[in-house]
Amino acid sequence: MIILKIKVKPSSFKDEIQMTNEGWIIKIKAKAIDGEANKYLINYLSNSFKIPKSSIILSKGNSSPFKTLLINVNEEEWNKIYIKLK
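Count along the sequence shown from 1, then add 22; that gives the number in the working numbering.
So this is what it looks like as structure tokens:
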């Protein structure tokens, strides 16, 4: 299980994953209304990471741009995902 702390920027022009010195910033097109951005985020990451949606759990930050996700993959799988995203 991987713990991933991110900052989400909803209502963005395009979907994008940025890795900065300050951490992960994930821009998504969805608006932050009634949890829609959270659902969109999980779907977007599932497609980007090529893992099932059920492998991504929003642990903290349901109504905040700062979120903690639990990614249900082993370390070897995570390293492959991380390298592809860089």
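Glycine included, C-beta positions come from ideal geometry on N, C-alpha and C.
Find out if the Cβ-Cβ distance for the pair Lys31, Ile47 is shorter than 8 Å. In this structure, the beta-carbon distance from Lys31 to Ile47 falls below 8 Å.
Please look up how many angstroms separate the CB atoms of Ser68 and Lys75, rounded, as I've assumed it's under 8 Å. Cβ atoms of Ser68 and Lys75 come within 8 Å of each other, at about 4 Å.
Here's the rule I'm using: 16 or more other beta-carbon atoms within 10 Å means buried, otherwise exposed. How should Phe71 be labelled? buried
C-alpha distance - Ile50 paired with Asp37, whole-angstrom precision: 4 Å
Could you pull out every residue in the same chain whose Cβ sits closer than 8 Å to the Cβ of Ser34, ignoring the five residues on either side in sequence? Closer than 8 Å at Cβ, skipping near neighbours: Lys49, Ile50 and Lys51.
Need the endpoints of the beta strand (DSSP E) that Glu44 sits in, please. It is not in any beta strand (DSSP E) - Glu44 carries neither H nor E in the DSSP assignment.
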